[in-house]
Amino acid sequence: MKNWRQPSILPGFGLTLGYTITYLTLIILIPLAALVVRTASLGWADFFAVVMDERTQLALRTSFGAALIAAAVNVVFGVVVAWVLVRYDFPGRRLLDAIVDLPFALPTAVAGIALAALYAKNGWIGSLLDPLGIKVAFTPLGIVIALIFIGLPFVVRTVQPVMEELDREVEEAAATLGASRFQTIRRVVLPSLTPAILTGFALAFARAVGEYGSVIFIAGNIPYVSEIAPLLIVIRLEEFNYAGATAIASIMLIISFAMLLFINLLQMWSRRRYANVR
Amino acid sequence: MSAETSTSRRFRDAATETPLARYILVAIAVGFMALILLMPLLLVFIEAFRQGIPAFFEALGDVDALAAIRLTLLVAAIAVPLNLVFGVSAAWAIAKFEFKGKTFLTTLIDLPFSISPVISGLVYVLLFGANSYLGPILKGWGIEILFAVPGIVLATVFVTFPFVARELIPLMQEQGTGDEEAALSLGANGWQTFWYVTLPNIKWGLLYGVLLCNARAMGEFGAVSVVSGHIRGLTETMPLHVEVLYNEYNFVAAFAVSTLLALLALVTLALKTILEIRYGEQLSASRKH
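Residue numbers (this note's numbering), protein chains in the order written: chain L, 163 to 440; chain B, 2 to 290.
Next comes the structure, spelled out in structure tokens:
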């Protein structure tokens with residue numbers, strides 16, 4: 163255990179590491195431990211009663227399903243946005259680049275009420291879709307729209323730096339060897355972007371699963387139909403049903419941690435794969 | 002010479018899309034962003050002024066709205082400096098030293114990003130709530146955490162925890178330890194090295210992290226909503242006040258308060274872009290444009 167750190171002449175290691183671990187423990191680890199302890203004290207019967215409850219299952223399915231669809235949409239459009247920002251020069255490019263981060267900066271409640279007003283029956287977009295028989299606000303589709311809003315920057319900002327690092331000469335080589343542009347993109351460009359795209363997908367998905375503020379206004383929150391899992395946690399808390407809230411939260415956390423592990427494995431894989439390129 | 006130019010131009014053409022494809026891709030990107038991002042933003046401002054300018058200012062001058070603004074500023078004024086000190090401290094330990102368990106520690110620091118805001122609030126309810134171990138004891142001492150300002154601050158600190166650290170760690174790792182070693186060998190002590198060597202190197206990255214941390218701290222909704230108790234004029238931050246006004250069908254007031262939060266977002270984005278353009282070299286690699 164003596165060699166757990168390399169010697170350094172810089173001071174302050176003990177102080178800063180000690181402070182970091184203390185603060186981390188107080189703010190993050192102890193509260194999370196409270197959740198773990200509370201879940202453990204539930205007992206399997208109580209835990210499964212919550213898990214097997216139809217309302218819980220449908221809320222989880224709504225959250226994860228909508229997050230999956232939204233992340234998939236974001237991958238398609240996020241890659242196009244990133245490509246346009248990296249490769250083309252057009253008026254307003256800089257502005258577009260800055261606006262990508264809007265969902266990071268705009269409070270979710272503001273996004274939520276704006277989206278709800280936009281897609282309501284008498285809203286700017288809702289009134290155009292209503293005659294076509296498409297209802298967005300107060301349906302699961304509304305949840306997907308909100309999650310697309312919230313997840314877009316994760317895909318763009320993960321893919322963009324990797325696109326900037328792409329070696330244009332490889333594409334030129336493909337062209338000189340007779341590949342069409344479409345072939346070059348499909349066979350040369352996209353494979354090098356795949357790890358970043360997957361990571362962006364996972365980040366957008368993980369964020370969307372837990373999202374609350376931007377969703378609850380547009381979702382309509384109809385039990386069994388358009389109710390997301392985080393909202394069900396809040397409802398259980400308001401009923402003072404701590405066991406129910408805790409059980410749903412721990413299921414969500416387990417899935418989120420699996421996602422985190424998956425992201426880390428993806429990053430390791432992509433780093434190993436492109437170690438020789440950089 | 003001219004043949005060479007035309008050849009190289011043909012290769013360059015071969016390594017990009019046809020003009021038509023470019024126009025279509027730019028149109029898709031701009032159209033998607035306008036639809037998904039810009040229209041909600043625009044709507045906030047238009048709805049806020051739907052009943053004219055006096056109604057807008059009347060909504061902002063409301064006693065509860067002012068209390069919400071004050072509380073939001075107070076919470077950010079506590080949470081951001083706490084996470085700033087933590088971020089610098091964590092980055093110093095992680096970026097300047099080699100030790101076992103570093104990757105694990107970095108993962109733990111990023112943890113709040115992968116936790117639903119509602120769960121971030123819930124953990125404090127479980128820790129300090131009426132049927133917890135700590136809650137009744139603290140209540141006996143006259144300390145209220147839940148449904149009071151300390152709970153809101155704690156939940157905000159939780160969700161904004163990684164922002165400064167995750168901005169500084171890669172930046173300080175790129176910078177290495179050479180400058181600090183030089184300062185120390187020239188006789189500076191630890192604090193002098195930090196103040197005169199490290200801090201000037203990381204100041205723009207630090208500001209960048211603080212900007213993002215502050216935007217999230219002022220705008221946090223889910224976590225704060227769970228611990229706040231929604232006591233009007235007392236434990237309502239601006240985002241919570243927006244929710245209440247909206248649910249009361251007081252749309253003009255809801256959007257009026259929202260404009261302040263939207264302006265905060267726009268100022269954050271503008272400053273962030275300025276930092277990226279002017280001081281891009283002094284930000285971590287992923288922030289350079």
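Beta carbons: idealized from backbone N, C-alpha and C, even for Gly.
Practice prompt. Write down every uninterrupted run of the alpha helix (DSSP H) in the segment 320 to 378 of chain L whose length is 4 residues or greater and which is fully enclosed by it, in chain order.
Written response: 330 to 338, 343 to 346 and 352 to 372
Fill in: Sub-8 angstroms separation of L/Ala-370 and L/Ala-229 beta-carbons
Residue numbering aside, residue 370 of chain L sits at position 208 when the first sequence is read from its first letter. Residue numbering aside, residue 229 of chain L sits at position 67 when the first sequence is read from its first letter. Taking 8 angstroms as the Cβ cut-off, L/Ala-370 and L/Ala-229 qualify as a contacting pair.
Worksheet item: When the cut-off is 8 angstroms and only beta carbons count, does L/Ile-171 lie next to chain B?
Response: On the first sequence, position 9 is the one that residue 171 of chain L refers to. So yes, L/Ile-171 belongs to the interface.
Discussion item. With a threshold of 8 angstroms between beta carbons, is B/Pro-240 in contact with chain L?
Written reply: As a working mapping, residue 240 of chain B is identified with position 239 in the second sequence. With 8 angstroms as the cut-off, B/Pro-240 counts as an interface residue toward chain L.
Discussion item. Rounding to the nearest angstrom, what Cα-Cα distance links B/Ala-78 and B/Ala-218 in this structure?
Written reply: Indexing the second sequence from 1 puts residue 78 of chain B at position 77. Indexing the second sequence from 1 puts residue 218 of chain B at position 217. C-alpha separation (whole angstroms): 9 angstroms.
Worksheet item: With a cut-off of 8 angstroms, do at least 3 Cβ pairs link the segment 248 to 258 of chain L to the segment 195 to 209 of chain B?
Response: no
Practice prompt. Could you tell me whether the Cβ atoms of L/Val-321 and L/Glu-333 are closer together than 8 angstroms?
Written response: Position 159 of the first sequence, counted from the first residue, corresponds to residue 321 of chain L. Position 171 of the first sequence, counted from the first residue, corresponds to residue 333 of chain L. Against a cut-off of 8 angstroms, the Cβ pair of L/Glu-333 and L/Val-321 comes out as no contact.
Discussion item. Distance cutoff 8 angstroms, beta carbons only. Does L/Pro-253 sit that close to anything in chain B?
Written reply: One-based indexing of the first sequence puts residue 253 of chain L at position 91. It does not; no Cβ of chain B falls within 8 angstroms.
Discussion item. Assuming contact is defined by CB atoms lying nearer than 8 angstroms, are B/Gly-230 and B/Ala-68 in contact in what I supplied?
Written reply: If you number the second sequence from 1, residue 230 of chain B lands on position 229. If you number the second sequence from 1, residue 68 of chain B lands on position 67. Their beta carbons are not under 8 angstroms apart, which means B/Gly-230 does not touch B/Ala-68 by this criterion.
Worksheet item: Between the segment 208 to 219 of chain L and chain B, which residues of the former have CB atoms less than 7 angstroms from a CB of the latter, in chain order?
Response: none
Worksheet item: DSSP on L/Arg-256, reduced to helix/strand/coil?
Response: One-based indexing of the first sequence puts residue 256 of chain L at position 94. Correct three-state label for L/Arg-256: helix.
Fill in: For L/Thr-167: DSSP bridge partner residues
Position 5 of the first sequence holds residue 167 of chain L. The sequence shown places Arg at residue 167 of chain L, rather than the Thr named in the question. Answer by DSSP bridge pairing, in chain order: B/Phe-100.
Worksheet entry | Residue-chain proximity (L/Leu-206, chain B), Cβ-Cβ < 8 angstroms | As a working note, residue 206 of chain L is residue 44 in the first sequence. The amino acid at residue 206 of chain L is misidentified as Leu; the sequence shows Trp. Chain B, which has no Cβ nearer than 8 angstroms to the Cβ of L/Trp-206, makes this no.
Practice prompt. Tell me, to the nearest whole angstrom, how far the beta carbon of L/Ala-391 is from that of L/Ile-410; I am working on the premise that it is less than 8 angstroms.
Written response: Residue 391 of chain L sits at position 229 when you count from the first residue of the first sequence. Residue 410 of chain L sits at position 248 when you count from the first residue of the first sequence. Their Cβ separation, rounded to whole angstroms, is 6 angstroms, which keeps L/Ala-391 and L/Ile-410 in contact under 8 angstroms.
Item to complete: Could you give the DSSP three-state label for B/Val-154: helix, strand or coil?
Response: As a position in the second sequence, residue 154 of chain B is number 153, starting the count at 1. It is helical.
Item to complete: Could you please give the first and the last residue of the uninterrupted alpha helix (DSSP H) stretch that includes B/Trp-192?
Response: Along the second sequence, one-based indexing puts residue 192 of chain B at 191. Taken as a continuous stretch (DSSP letters only), the alpha helix (DSSP H) holding B/Trp-192 covers 191 to 194.
Item to complete: Hey, could you find the ends of the alpha helix (DSSP H) B/Pro-113 is sitting in?
Response: Position 112 of the second sequence, counted from the start, is the residue given in the question as residue 113 of chain B. That residue, B/Pro-113, is in no alpha helix (DSSP H); it is neither H nor E in DSSP.
Worksheet item: What alpha helix (DSSP H) runs, 4 residues minimum, are completely inside the segment 189 to 233 of chain B?
Response: 191 to 194, 200 to 220 and 223 to 229
Fill in: Chain-ordered chain B contacts of L/Gly-227 [CB-CB under 8 angstroms]
Here residue 227 of chain L refers to the residue found at position 65 of the first sequence. In chain order: nothing, as chain B lies at least about 16 angstroms away.
Item to complete: Measuring alpha carbon to alpha carbon, tell me which of B/Tyr-134, B/Glu-99 and B/Phe-105 ends up nearest L/Ile-192.
Response: Taking the first residue of the first sequence as 1, we reach residue 192 of chain L at position 30. Here the closest residue by C-alpha is B/Tyr-134.
Worksheet entry | CB of L/Pro-315 within 8 angstroms of CB of L/Phe-266, strictly | Stepping through the first sequence from its first residue, residue 315 of chain L is reached at position 153. Stepping through the first sequence from its first residue, residue 266 of chain L is reached at position 104. In this structure, L/Phe-266 lies closer than 8 angstroms to L/Pro-315 by Cβ.
Worksheet item: L/Ser-376 and L/Gly-382 look like a contact to me (Cβ under 8 angstroms); what is the Cβ gap, rounded to whole Å?
Response: The count along the first sequence starts at 1 and reaches residue 376 of chain L at position 214. The count along the first sequence starts at 1 and reaches residue 382 of chain L at position 220. The pair is not a contact, with the Cβ atoms about 14 angstroms apart (cut-off 8 angstroms).
Worksheet entry | Same chain, Cβ closer than 6 angstroms to B/Ala-49, five either side skipped, listed in chain order | Walking along the second sequence from the start, residue 49 of chain B turns up at place 48. Cβ neighbours of B/Ala-49 beyond the five flanking positions: Phe-57, Phe-256, Ala-257 and Thr-260.
Discussion item. Distance cutoff 8 angstroms, beta carbons only. Does B/Ala-4 sit that close to anything in chain L?
Written reply: Position 3 of the second sequence, counted from the start, is the residue given in the question as residue 4 of chain B. Because B/Ala-4 sits at a pLDDT of 44, beneath the cut-off of 50, its placement in the model cannot be relied upon, and the following sentence gives the value as read from the coordinates. It does not: the Cβ of B/Ala-4 has no partner Cβ on chain L nearer than 8 angstroms.
Item to complete: Whole angstroms is fine: what's the gap from L/Tyr-386's alpha carbon to L/Asp-208's?
Response: Counting from one through the first sequence, the residue named residue 386 of chain L turns up at place 224. Counting from one through the first sequence, the residue named residue 208 of chain L turns up at place 46. Approximately 21 angstroms, taken between the alpha carbons.
Fill in: Member of B/Ala-60, B/Thr-17, B/Thr-19 and B/Pro-41 whose CA lies at the smallest distance from the CA of B/Leu-246
By one-based count along the second sequence, residue 246 of chain B stands at place 245. Nearest C-alpha to B/Leu-246: B/Ala-60.
Discussion item. Between which residues of its own chain and L/Asp-263 is the CB-CB distance below 8 angstroms, once the five residues before and five after are set aside?
Written reply: Within the first sequence, the letter at position 101 stands for residue 263 of chain L. Only Pro-315 and Arg-319 meet the Cβ criterion.
Worksheet item: Does any residue of chain B bring its CB to less than 8 angstroms from the CB of L/Gly-406?
Response: Taking the first residue of the first sequence as 1, we reach residue 406 of chain L at position 244. No, L/Gly-406 lies away from the interface with chain B (no Cβ there is under 8 angstroms from its Cβ).
Fill in: Proximity test, Cβ basis, 8 angstroms: B/Lys-140 and chain L
Counting from one through the second sequence, the residue named residue 140 of chain B turns up at place 139. Not closer than 8 angstroms to any Cβ of chain L, the Cβ of B/Lys-140 fails to qualify, so no.
Fill in: Sequence-distant residues of its chain with Cβ nearer than 8 angstroms to L/Leu-393 (five each side left out)
For the purposes of this step, residue 393 of chain L is identified with residue 231 of the first sequence, where counting begins at 1. Counting only Cβ-Cβ distances below 8 angstroms, and skipping sequence neighbours, we find Ala-221, Tyr-374, Val-377, Ile-378, Ala-381 and Asn-383.
Fill in: Minimum Cβ-Cβ distance from B/Gly-223 to chain D less than 8 angstroms
Any reference to chain D falls outside this structure, whose protein chains are L and B.
Worksheet entry | Cβ neighbour criterion (16 or more within 10 Å) applied to L/Met-214 | Reading the first sequence from its first residue, position 52 is the one you call residue 214 of chain L. Result: exposed.
Item to complete: With a 10 Å radius around its C-beta and 16 neighbouring C-beta atoms as the bar for buried, classify B/Tyr-308 as buried or exposed.
Response: What the structure shows of chain B is the stretch from 2 to 290, and residue 308 of chain B is not part of that stretch, so it cannot be assessed.
Worksheet item: So which residues of chain L does B/Ala-94 contact, with C-beta pairs closer than 7 angstroms?
Response: Counted from its first residue, the second sequence places residue 94 of chain B at position 93. Per Cβ cutoff of 7 angstroms: Phe-175, Thr-178, Leu-179 and Thr-182.
Discussion item. If I measure Cβ to Cβ from B/Ala-149 and keep anything under 7 angstroms in the same chain, skipping five residues before and after, which residues do I get?
Written reply: Sequence index remark: in the second sequence, residue 149 of chain B carries index 148 (1-based). Cβ neighbours of B/Ala-149 beyond the five flanking positions: Thr-236.
Fill in: Beta carbon proximity, B/Ser-115 to chain L, threshold 8 angstroms
As a working note, residue 115 of chain B is residue 114 in the second sequence. Closer than 8 angstroms to some Cβ of chain L, the Cβ of B/Ser-115 qualifies, so yes.
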